[in-house]
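Since the structure comes first, as structure tokens, the remarks are kept for the end.
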Amino acid sequence: MAIPSYDEVAVGTEIGPERYPIQRLTLVKYCGASGDFNVIHWNERIARQAGLPDVIAHGMLTMAEAARLVTDWAGDPGAVREYGVRFAKPVVVPDDDTGVEVLVTGRVAEKLPDRKVAVELTATCGDVEVLAKARAVVQLM
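Structure follows, in structure tokens:
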């Protein structure tokens, strides 16, 4: 993938889509990497007692997968100057060999001063939007 140039990128430029698989094993690995061992991310019984339909992915994992679309597009994680999301719905991860996929798409929403662009992101799992108001500001060359 070619690294985008500020001069060549236009408002409306589409980024993605990319699909990011999440399985129960992904959650266990993320627990270890992040230090977040909250039981709703690995214990179905406790997740259901908490009112959830099943075990859910960490919100920060979902957020990171959406950010990966931007960093891969920009060619440098350091190019992301701002990033924020709101968590709209949890990503429910079934206990099977398939898991779920988070589909992430992006669109250049605005060209900003100093060779920066604002990218709006959409992250869905099935028909459910899992992140809202997802936006990154990216420094381009």
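6 is the number of the first residue of the sequence shown in our numbering; add one for each residue after it.
Each residue gets a CB set at the ideal place from its N, CA and C atoms; glycine is no exception.
As the structure is a computational prediction, the values presented were derived from the model and not from experiment.
The Cβ-Cβ distance between A141 and V85 falls below 9 Å. By the C-beta density criterion, P22 is exposed, having fewer than 16 other C-beta atoms within 10 angstroms.
Here E70 carries a helix assignment [DSSP, helix/strand/coil]. Here I8 has G80 as same chain residues with Cβ atoms under 6 Å from its own Cβ, once five neighbours each way along the sequence are excluded. For A123 and A69, the gap between their C-alpha atoms comes out near 17 Å. Counting the other CB atoms within 10 Å of its CB gives A55 a total below 16, which places it among the exposed residues. Selection Q144, E13, R29 and S10 evaluated against T103 yields R29 as nearest (Cα-Cα).
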